Amino acid sequence: MYSTLVRGIEALEILAHAGEPLALAEIARRLKTSKPSTHGLLSALVRCGYANRMAGGVYSIGLKAWEIGRLVPTDRLVEVAAPVMGRLAAAVNDGVILGVLSGFDVAYVHLVGSPQAVRVHAEVGQRIPAHCTSTGLALLAAQGTDYLDRVLPKRLPSTAPETITDPERLRREIAQVRARGYSINRGGWSAEVGGIAVAIPCNPAYGPAGLCIAVPRYRMSSQWIKGSVAALSAASAEIAAALPQSTRLAA
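When you read off a place in the sequence shown, starting at 1, and then add 17, the result is the number in this note's numbering.
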């Protein structure tokens, strides 16, 4: 039953990311399973409204997936955070990113771009391993001590020369972030990119969420860090204060 459920979720993700209807054979190929098994999964998704079977025998994502997605309180988080992030970006003259922890990944749910010519590029919906980013480090540090034990992958992928790939070094870094109250990342995701981040102290049902100022690495002077941390912490507290403590109030 567990295997079937996982396969069904994987099929749903394939349809969601495809951008166009897919034939049964193509979905089976991406799932690396047989066409009869894939047909059974798709039939269940269609019956429950999570997928559509269209003319020509192709499949697309169903409306039920959107309806379920709308129930996640991220929209309320973004609604509250967006104006605060706009003011923060104007104050620090750099880009600001709102990220949410999902397992061992950080998903970017809102961003305000930098007005500067040389800036960091990111996209809403982008997912990055948490150990590579300042947002991820801040959010891992904000979780219980057993959280990392549950989600830590067997291998930490490297995306840049400064990426932390040793689990013990990651644990030491997280301990430093907890003690300091904010994270610093220099070149962990991309060699020329850096950032600082804090966790937003709000109801974890909204996230867990974190706020990051992302900059070209050469701008990360000690003076810049000191001033930006103060502004970042104030913005994070403002967002937390504006969010209902119960997500029932967010509807």
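Using N, Cα and C, we set each Cβ at its ideal position, and we do this for glycine too.
Quick caveat, the model's predicted, so the values are computed rather than measured.
Query raised in the report: Can you tell me whether DSSP reads P38 as helix, strand or coil?
Result: Residue numbering aside, residue 38 sits at position 21 when the sequence shown is read from its first letter. Coil.
Report task. Output yes or no for whether 9 Å exceeds the beta carbon distance between E209 and R234. Result -> Within the sequence shown, residue 209 is the residue found at index 192, counting from 1. Within the sequence shown, residue 234 is the residue found at index 217, counting from 1. It is a contact, given that the beta carbons lie within the stated cut-off.
Query raised in the report: Just to confirm, are A257 and V194 a CB contact at a threshold of 9 Å?
Result: Sequence index remark: in the sequence shown, residue 257 carries index 240 (1-based). Sequence index remark: in the sequence shown, residue 194 carries index 177 (1-based). No, these two residues do not count as a Cβ contact at 9 Å.
Query - Beta-carbon proximity check, L157 vs I191, cutoff 9 Å - result: In the sequence shown, the residue the question calls residue 157 occupies position 140. In the sequence shown, the residue the question calls residue 191 occupies position 174. It is a contact, given that the beta carbons lie within the stated cut-off.
Query - Stretch pair the stretch 210 to 221 + the stretch 146 to 153: three plus CB contacts closer than 8 Å - result: yes
Query - Close Cβ partners of F121 (< 7 Å) along its chain, the five nearest in sequence each way excluded - result: Locating residue 121 in the sequence shown gives position 104, counting from the first residue. Within the same chain, Cβ atoms closer than 7 Å to the Cβ of F121 are found at P146, A147, V168, L169 and P170, the five residues on either side in sequence being excluded.
Query raised in the report: How many Å lie between L59 and E43 at the Cα?
Result: Numbered from 1 along the sequence shown, position 42 holds the residue referred to as residue 59. Numbered from 1 along the sequence shown, position 26 holds the residue referred to as residue 43. Cα to Cα, the separation comes out at about 12 Å.
Query raised in the report: For S20, which option in T55, A40 and R46 has the closest C-alpha, if you only look at C-alpha atoms?
Result: The residue you call residue 20 lines up with position 3 of the sequence shown. Here the closest residue by C-alpha is T55.
Query raised in the report: What are the boundary residues of the beta strand (DSSP E) that S119 is part of?
Result: Position 102 of the sequence shown, counting from 1, holds the residue named residue 119. Looking at the DSSP string, the run of the beta strand (DSSP E) that includes S119 is G112 to S119.
**Report entry** Terminal residues of the beta strand (DSSP E) in which R203 lies
**Finding:** Residue numbering aside, residue 203 sits at position 186 when the sequence shown is read from its first letter. Counting along the chain, the beta strand (DSSP E) containing R203 begins and ends at S200 to R203.
Report task. Locate the alpha helix (DSSP H) running through A134, then write down its first and last residues. Result -> Along the sequence shown, read from residue 1 onward, the residue named residue 134 stands at position 117. Unbroken run through A134: none, as it is neither H nor E.
**Report entry** Closest residue to E227 among M102, S77 and S207 (Cα-Cα distance)
**Finding:** Against the sequence shown, residue 227 aligns to sequence position 210. For clarity, residue 227 is Gly in the given sequence; the question names Glu instead. Out of M102, S77 and S207, M102 has the C-alpha closest to the C-alpha of G227.
Query raised in the report: Excluding sequence positions up to five away, which residues of its chain have a Cβ less than 6 Å from the Cβ of A40?
Result: For this step, residue 40 is matched to residue 23 along the sequence shown. Result list for A40: V75, in chain order.
Query raised in the report: When the distance is taken between beta carbons, is V129 closer than 9 Å to L94?
Result: Looking up residue 94 in the sequence shown gives position 77. Looking up residue 129 in the sequence shown gives position 112. Not closer than 9 Å, so no.
Query raised in the report: Under 9 Å between the Cβ atoms of V97 and A248?
Result: The count along the sequence shown starts at 1 and reaches residue 97 at position 80. The count along the sequence shown starts at 1 and reaches residue 248 at position 231. Taking 9 Å as the Cβ cut-off, V97 and A248 do not qualify as a contacting pair.
Query raised in the report: What's the call for L32, buried or exposed, on a 16-neighbour Cβ count within 10 Å?
Result: The residue given as residue 32 occupies position 15 in the sequence shown. Buried, because 16 or more other Cβ atoms sit within 10 Å of the Cβ of L32.
Query raised in the report: Which two residues bound the contiguous alpha helix (DSSP H) that contains D183?
Result: By 1-based counting over the sequence shown, the position of residue 183 is 166. Here D183 belongs to no alpha helix (DSSP H), and DSSP marks it neither H nor E.
Report task. Evaluate I230 with the Cβ neighbour count: other Cβ atoms within 10 Å of its Cβ, from every protein chain shown; 16 or more gives buried, anything less gives exposed. Result -> Counting from 1 along the sequence shown, the entry for residue 230 is found at position 213. Burial call: buried.
Query - For A45, three-class secondary structure by DSSP - result: For the purposes of this step, residue 45 is taken as residue 28 along the sequence shown, with counting starting at 1. Here A45 sits in helix by DSSP.
Report task. State yes or no: is the C-beta of I114 nearer than 8 Å to some heavy atom of the ligand HEM? Result -> This structure lacks the ligand HEM, and indeed carries no ligand of any kind.
Query raised in the report: According to the neighbour-count rule (16 or more other Cβ atoms, all chains shown, within 10 Å of its Cβ), is P132 buried or exposed?
Result: As a working mapping, residue 132 is identified with position 115 in the sequence shown. The residue in question, P132, is exposed, as its Cβ has fewer than 16 Cβ neighbours within 10 Å.
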